[in-house]
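First the structure, in the form of structure tokens, and then the observations on it.
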Amino acid sequence: MDKLPLKGSLKDAQLEVVEEAGIVHQDGIILEIGRFKDLCAKYSSSNFAIQLIESDVVALPGFVDPHTHLCWAGSRANDYSLRLQGVSYAEIASQGGGIWDTVTKTRMASDKELGELLISRVSRQLKNGITTCEVKSGYALNPEGESRLLEIIGSVNRECPIDLVSTCLAAHIKPKDFEGSQEAYLQMLIEELLPKVKKSKLSRRIDIFVDEGAFGVPEAENYLLAAKRLGFDLVVHGEQFTSGGASLAVRVGAKSVDHLEMIATEAIALLAASEVVAVALPGASIGLGCAFAPARKLLDAGCCLAIGSDWNPGSAPMGDLLVQTAILGAFEKLSMAEQLSAITFRAAHALNLADRGILKKGYLADFIAFPGRNYKEILYQQGMLKPNLIWKRGRQVS
Ligand code: NIG
Ligand code: FE
Numbered sequence: 093m094d095k096l097p098l099k100g101s102l103k104d105a106q107l108e109v110v111e112e113a114g115i116v117h118q119d120g121i122i123l124e125i126g127r128f129k130d131l132c133a134k135y136s137s138s139n140f141a142i143q144l145i146e147s148d149v150v151a152l153p154g155f156v157d158p159h160t161h162l163c164w165a166g167s168r169a170n171d172y173s174l175r176l177q178g179v180s181y182a183e184i185a186s187q188g189g190g191i192w193d194t195v196t197k198t199r200m201a202s203d204k205e206l207g208e209l210l211i212s213r214v215s216r217q218l219k220n221g222i223t224t225c226e227v228k229s230g231y232a233l234n235p236e237g238e239s240r241l242l243e244i245i246g247s248v249n250r251e252c253p254i255d256l257v258s259t260c261l262a263a264h265i266k267p268k269d270f271e272g273s274q275e276a277y278l279q280m281l282i283e284e285l286l287p288k289v290k291k292s293k294l295s296r297r298i299d300i301f302v303d304e305g306a307f308g309v310p311e312a313e314n315y316l317l318a319a320k321r322l323g324f325d326l327v328v329h330g331e332q333f334t335s336g337g338a339s340l341a342v343r344v345g346a347k348s349v350d351h352l353e354m355i356a357t358e359a360i361a362l363l364a365a366s367e368v369v370a371v372a373l374p375g376a377s378i379g380l381g382c383a384f385a386p387a388r389k390l391l392d393a394g395c396c397l398a399i400g401s402d403w404n405p406g407s408a409p410m411g412d413l414l415v416q417t418a419i420l421g422a423f424e425k426l427s428m429a430e431q432l433s434a435i436t437f438r439a440a441h442a443l444n445l446a447d448r449g450i451l452k453k454g455y456l457a458d459f460i461a462f463p464g465r466n467y468k469e470i471l472y473q474q475g476m477l478k479p480n481l482i483w484k485r486g487r488q489v490s
């Protein structure tokens, strides 16, 4: 994935494939990539252990999932069954299902239970080749509960080999037990939660769901600007059902705007002229049976496109980033280079991480290997070919 631009369309011919390759790494960092034989000769006098992979494999940078909601309890299988019978996501939410149902169950779950659920989900992510995974809070919706979720994400991050990047999504929806307006809820978060998240280093990122049934653009702007003054990176859930999120993300200088299923041409142009990453979430389109984000148009306009699984109990229960990337790629006609970039260095960029997503000197030794000789097999098998070898920060974990 080296020497590719952060923004815009890509052709497969731009991918650099090193045959008979080797990777030299030390202390979790890549020292050199090259021909295995040349590297063996060059490092023969030093004390490097040599590990020869005898079978044919294709190595890639570990995948980065830039958008998940993995810290929850309960199941929304009943919501899903209702949706299949024609009841909409918004209708289910207004009847007390939806996000609020997960909030109720998550609030009731113990730290231990939530920790175990999160560990099982992130372990599955790692097995699927995801070596860095963003995880949002957002299913407690009060200062104490949101801090608790961020603490649990932090402790699982310390315990498991995968890197977790936490994001505070206390502004997911206004909780039903908060008496007051959307503005008042956000103001309370500004006063009672954000300073604590900052001080206790619970997260460096603040997200908000800007949509009908969640938060409007003016109050979201005020909230995000307050978070920015405190030094947070900003993220917007936007343009899923109603417009306005993308231009808001550009105005406040967010790192990314995620969803974009219904983004219009003018907003695409705004995004393309900005540094904001466009994160498509095909898992939510599949989960809700809705259109995909216009990924082809976003790339052709010159946007930086990343893809996230959005794995959550409501709109995106599948949680398989590679399958979803391949499906979006098939429908939106994305080259393999565009698909792989969207889940490696471009996804890392959405998380403001410049040290991963490329196999290159100085980058993290996060790499995964798939069986076979041809990298094209990976997306051709539409996500069902799984990595058989995984290294995280130089340590083989699978
Ligand atoms: O990204 N859009 C808002 N939030 C999530 C859904 C969360 C849920 O339904 O529990 C999403 O799709
Ligand atoms: Fe989401």
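Under this note's numbering, the first residue of the sequence shown is numbered 93, with each subsequent residue one higher.
Note that beta-carbon positions come from the ideal geometry of N, C-alpha and C, so glycine has one too.
Apart from the 5 residues on each side of it in sequence, L218 sits with its Cβ closer than 6 Å to the Cβ of I254 in its chain, given in chain order. Collapsing the DSSP output to three states places C132 in a helix.
Residue pairing of K484 in beta bridges, as defined by DSSP: R487. Under the three-state reduction of DSSP output, D157 falls in the strand class. In the three-state DSSP reduction, H441 falls in the helix class (H, G or I). The DSSP-derived three-state label of D255 is strand. Unbroken alpha helix (DSSP H) stretches of 4 residues or longer found wholly inside the segment 257-338: 274-284, 286-291 and 309-321, given in chain order.
Beta-bridge pairing by DSSP links F462 to V150. With a cutoff of 7 Å, G305 does not count as near the ligand NIG, since its C-beta is closer than that to no heavy atom of the ligand.
Within the DSSP secondary-structure output, R127 pairs in a beta bridge with A113. In the structure shown, Q187 falls within a coil segment according to DSSP collapsed to helix, strand and coil. Secondary-structure assignment with DSSP links E226 through a beta bridge to V257. Shown here for Y172: same chain residues with a beta carbon closer than 8 Å to its own, the five before and five after excluded, namely G379 and P409 in chain order. Residue environment for T357: exposed (fewer than 16 other C-beta atoms within 10 angstroms of its C-beta).
DSSP places V369 within a strand segment (E or B) once states are collapsed to three. 8 Å or more divides the Cβ of A457 from the Cβ of A398.
In this structure I191 touches I265 by the C-beta definition: roughly 5 Å separates them, less than 8 Å.
In the DSSP assignment, V349 forms a beta bridge with V328 and A370. For the options P235, F459 and K320, the alpha carbon positioned closest to that of R199 is the one of P235. Residues A165 of the same chain have their beta carbon placed closer than 6 Å to that of A201, with the five preceding and five following residues left out of the count. C-alpha of I300 to C-alpha of L326: approximately 9 Å in a straight line.
Under the three-state reduction of DSSP output, A341 falls in the helix class.
The segment 425-444 and the segment 330-349 touch, with three or more beta-carbon pairs separated by less than 8 Å. When the beta-carbon positions are compared, C260 and I298 come within less than 8 Å of each other. Taking 8 Å as the cut-off, the beta carbon of L413 is found no closer than this to the beta carbon of F384.
Distance from the C-beta of D157 to the nearest heavy atom of the ligand FE is not below 7 Å. Restricting attention to beta strand (DSSP E) runs no shorter than 3 residues, the segment 193-248 encloses them at 222-228, ordered along the chain. Per DSSP, reduced to three states, the secondary structure at A385 is coil, with no helix or strand assignment. Note that the C-beta distance between L152 and L471 is not below 8 Å. Annotation for L432: the continuous alpha helix (DSSP H) segment containing it runs M428 to A434. Only residues of its own chain outside the window of five on either side were considered, and among them Q474 have a CB closer than 8 Å to the CB of A422, listed in chain order. For L144, the three-state secondary structure derived from DSSP is coil.
Around the beta carbon of R448, a 10 Å sphere encloses 16 or more other beta carbons of the protein chains shown; the residue is thus reported as buried.
The ligand NIG has no heavy atom closer than 7 Å to the beta-carbon of H441. DSSP places A457 in the coil class of the three-state scheme, outside both helix and strand. With a cut-off of 8 Å on Cβ pairs, the segment 137-155 is not in contact with the segment 368-382, counting fewer than three such pairs.
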